[in-house]
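In what follows, a structure is listed as structure tokens, so that the remarks can point back to it.
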Amino acid sequence: MVALTMHAANRILEREIPYEAVEACRLAAPILNENPLRFRYKDLVIVAYKAGSIPRMISVWKAGEAA
Numbered sequence: 049m050v051a052l053t054m055h056a057a058n059r060i061l062e063r064e065i066p067y068e069a070v071e072a073c074r075l076a077a078p079i080l081n082e083n084p085l086r087f088r089y090k091d092l093v094i095v096a097y098k099a100g101s102i103p104r105m106i107s108v109w110k111a112g113e114a115a
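Add 48 to the 1-based position in the sequence shown for my numbering, that's all there is to it.
Here it is in structure tokens:
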């Protein structure tokens, strides 16, 4: 399970981000902690952290676009 902040959910819709971003966040869960981490997955840049034991995505954008 991956939780999305309201900001992340809006960014996914506004920027036409593929569902793979949520899957990438789930795969990165073992390296996440309470501090936000920015990482790349394919052509996406994802910012996420772990709240309790659940990965939480803060924001996401395509690597060629400005944050």
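In this text, a Cβ means the ideal position worked out from N, Cα and C, and glycines have one as well. Nothing here was measured: the structure is a model prediction, and the numbers come from that model.
Contact annotation, A77 with V108: C-beta distance approximately 15 Å; criterion of less than 8 Å not satisfied. Under the criterion of beta carbons closer than 8 Å, P84 and Y97 qualify as touching, at roughly 5 Å. Classified as buried, M105 has 16 or more neighbouring CB atoms from the shown chains inside 10 Å of its CB. In its chain, beyond the 5 residues on either side, A69, A72, C73, A76, R86, F87, R88, M105, S107 and V108 have a beta carbon closer than 8 Å to the beta carbon of I94. Inside the segment 58-110, DSSP marks whole alpha helix (DSSP H) runs of 4 or more residues at positions 68-75, from first to last along the chain.
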